[in-house]
Amino acid sequence: MQNDMQNIFQSLRNEFIIIGLTGALGSGCTTSANFLSGKYSNLNHFFSSTNVDEFNLDYRKNLRVQQYYENNDWESFFHIRVSDILLLIMLRQIDSFDNFPMINEFDNKTDSQDTIKVFFKDMDKEAFQNIKKTSETFFDLLNEEPKDITMSDVLSEIKKFIDQYIDKKDNTYTKIFQLIGENLRTTGRIYNINSKYIFSKEIPTYDINNLPIFIIPEIIRRTIKYLNRKEKCKFFTIDALRNIYEIEFFRNRYQSFYLFSILANEEIRQKRLYDNFSVNKKNLEDIKTYETSNKEIEHQAINKCIGKGDIFINNSTNISSHTELNIDLLRYIALIRRPGLFVPSNDERFMQVAFTARYNSGCISRQVGAVVTGKDGYIRGFGWNDVPEDHVPCLYRTPQQLLDNSTNQIFSAYERSDTFFQHIENLPSNQKNQPFCFKDNQNSIESAEKKIKIYKEIEKLSKVPNIDVEKISGYIDSMEFKNPTRERALHAEENSFLQITKSGGQGVVGGTLYTTDSPCQLCAKKAMQLKIKRIVYIDAYPDISEKHTLNAGIEEEWPDLDMFNGVLGAAYFKLYVPIIGIKDEIRFISNVKKETIC
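Numbering of the sequence shown is given in the numbering used here, commencing with residue 2 and proceeding in unit increments.
Now the structure itself:
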């Protein structure tokens, strides 16, 4: 039997692909999933709008991708919506239409609104019973019980139900699905931990080692397994993953899993939310707060999820045709299916260095990497956030080491002083052998000092009528006072700039700063002083540095601030290292043709 190069590639990389999508609400995850799940007989028209410039490498890259799809059929991705899975679980746990839980059963707040009236629109008892039956069928199929209906039909029914009975523009839609997801990750049930709601049917025990945080991804995994085995589906896209442990679940179980981080700048995303979700200013702030809340492992943590991406796509153009987004998706799917189809862009090469550098950081809060290039496009310096030379990073210092040896010079003179030493003594015992963040502990000390001063002033109000001193004190007690200058580490951008001076100094005027997090105000000021012309970043740092520092002064001198677009991390090597050398492939094809002629 003759080996065929096309079949070799087919067997190695085309048999099974899972694309996870992550990004903030309004960034374009669902738009991306809808495109990936589409059926296309001819993809040439997607590339017809690209500029023809024979010496432009992006143009040449698109020609390679276009040629690839002329020789290889497009394979549609099966679209798995996390919201569909959450609704199926919700229906499984709700007993009957007449005993439907109120909204406060999902949330810890006292909102006693009728869930049916605000979440489901015009749903009657018959519609509920029908979709409840569909939910039962779904779980029967997961248990491989034979049915007269397929899994894809069940998921299609759920989608139709959502389209008919749930108003996605209503703020309740997003809120309730977020709450259900959080509750499932916390306790394994859709209701809040204090709920008194009684239900007769738990979902099957699909959690790994009795860890509720894996319930949702495990049900998705079983769904994929069923669709692959029973319905011969090969390609899947999951819309959308917003918890880092769920992302790691898929990454650790599937070699063929790739996380696409879909990004959009704040202004564009805000407009989409206003236009498509009927969001107002208050709702927008609530959404942002919820998406970025990562105090508990069960919460969404969008910024951390985005940082976990293998492939980053900047979807900041507000064009309804989504041309640029579609071309990016076509490019990267072709690259997954045929590694080495084209080579990395300059942005990918330099950001990969920054991305790798970040893991040298001994900071326990956030690891950041940065690269500075000159106007000529060559690297001038790179760095990561860490303490100054000859200081010991936070990762290697514990409170107990300070308590055991108060003269240990890996701790500063201030840390060995009575004020800080006594604070460390009062830490919980289970924290004393763990690394600690000086900034957090120092802010805690300073917060306590500030609050004492405020309490003394509040005491003077105790005799003033209609002043609830106890309520005010409780409010003050919940406040946090932070001083960002208390950190021990230099920022990654600072270290990059300083490395240039330490090595003799080279010009960076008109150059580019690549950073895994957008620069804070302090680093933005330094970039402006050095006349950096362009800043490329992955995560948007929550700061006013863009509007206050980068967009100030003479407008023509403002640096461009661009979200990163491309492949990073381990995926960089999986996608850009050819499975078979190009020359070897050409030689094989030539030999096959010779044999055929003979």
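The beta carbon of each residue, even a glycine, is placed where N, CA and C say it ideally should be.
Rounded C-beta distance between residue 155 and residue 142? I'm assuming under 8 Å. 7 Å
Taking only three categories from DSSP, how would you classify residue 602? Look at the range of the chain in this structure, 2 to 599, and you will see that residue 602 is not part of it.
Given this structure, state the Cα-to-Cα distance separating residue 426 from residue 404, to the nearest angstrom. 7 Å
Sorted by chain position, which residues of the same chain lie with C-beta nearer than 6 Å to residue 386's C-beta, five sequence neighbours on each side aside? 362, 364, 369, 490, 492, 493
Look up residue 75 in the DSSP assignment and give the residues it is bridged to. Residue 75 is not bridged to any residue.
Span separating the alpha-carbon of residue 302 from that of residue 224: 25 Å
Contact between the segment 515-524 and the segment 388-401 (3+ Cβ pairs under 8 Å): no
Inter-residue Cα distance where the pair is residue 293 and residue 187: 17 Å
Just the C-alpha distance for residue 533 and residue 440, rounded to the nearest angstrom, thanks. 29 Å
Distance, residue 579 Cα to residue 315 Cα: 25 Å
Exposed or buried, which one is residue 80 when buried takes at least 16 other CB atoms within 10 Å? Residue 80 is buried by the Cβ-count criterion.
Tell me the rounded alpha-carbon separation between residue 273 and residue 36. 18 Å
Would you kindly work out how many angstroms separate the C-alpha atoms of residue 340 and residue 570, rounded to a whole number? Distance from the CA of residue 340 to the CA of residue 570, rounded to the nearest whole angstrom, comes to 15 Å.
In the DSSP assignment, find the beta strand (DSSP E) that holds residue 22 and state where it starts and stops. 18-23
By alpha-carbon positions, which one of 530, 380, 574 ends up nearest to residue 504? That would be 380, whose Cα lies nearest to the Cα of residue 504.
Quick one: what does DSSP say residue 262 is sitting in, helix, strand or coil? strand
Identify every run of the beta strand (DSSP E) within the segment 300-353, keeping only runs that are complete inside it and at least 3 residues long; order them along the chain. Taking only runs of at least 3 residues, the beta strand (DSSP E) segments lying wholly in the segment 300-353 are 312-315.
For a test of the three-state rule: what should DSSP assign to residue 370, helix, strand or coil? strand
List the endpoints of the continuous beta strand (DSSP E) containing residue 538. 535-540
Which parts of the segment 151-179 are runs of the alpha helix (DSSP H), unbroken and 4 residues or longer, counting only runs that do not cross its ends? 152-166
The alpha helix (DSSP H) with residue 439 in it runs from where to where? 439-460
Helix, strand or coil for residue 149 per DSSP? coil
How big is the Cα-Cα spacing for residue 406 and residue 434? Rounded to the nearest angstrom, the two C-alpha atoms are 14 Å apart.
Please state whether the Cβ-Cβ distance between residue 280 and residue 442 is less than 8 Å. no
Quick one: what's residue 383 bridged to in DSSP? DSSP lists 372 as the beta-bridge partner residues of residue 383.
Just to check my reading of the structure: residue 178 and residue 285 have Cβ atoms closer than 8 Å, yes? What is that Cβ distance to the nearest angstrom? That pair is no contact at about 17 Å.
How many Å lie between residue 130 and residue 139 at the Cα? 14 Å
So what's residue 82 in DSSP terms, helix, strand or just coil? strand
Using DSSP with H/G/I as helix, E/B as strand and the rest coil, what is residue 555? coil
Alpha carbon to alpha carbon, how far is residue 624 from residue 299? This structure does not reach residue 624, given that the chain is present from 2 up to 599, and the question cannot be answered.
Length of the line joining the Cα atoms of residue 577 and residue 342: 8 Å
Taking 8 Å as the threshold, find out whether the segment 183-197 comes into contact with the segment 95-110 through three or more Cβ pairs. yes
Tell me, to the nearest whole angstrom, how far the beta carbon of residue 21 is from that of residue 261; I am working on the premise that it is less than 8 Å. Yes, residue 21 and residue 261 are in contact; Cβ-Cβ is about 7 Å, under 8 Å.
Residues in its own chain within less than 6 Å of residue 536 by CB, not counting five upstream and five downstream? 514, 560, 562
Do you know whose CA, among 267, 235, 231, lies nearest residue 146's CA? 231
Which residues does DSSP list as the beta-bridge partners of residue 237? 19, 79
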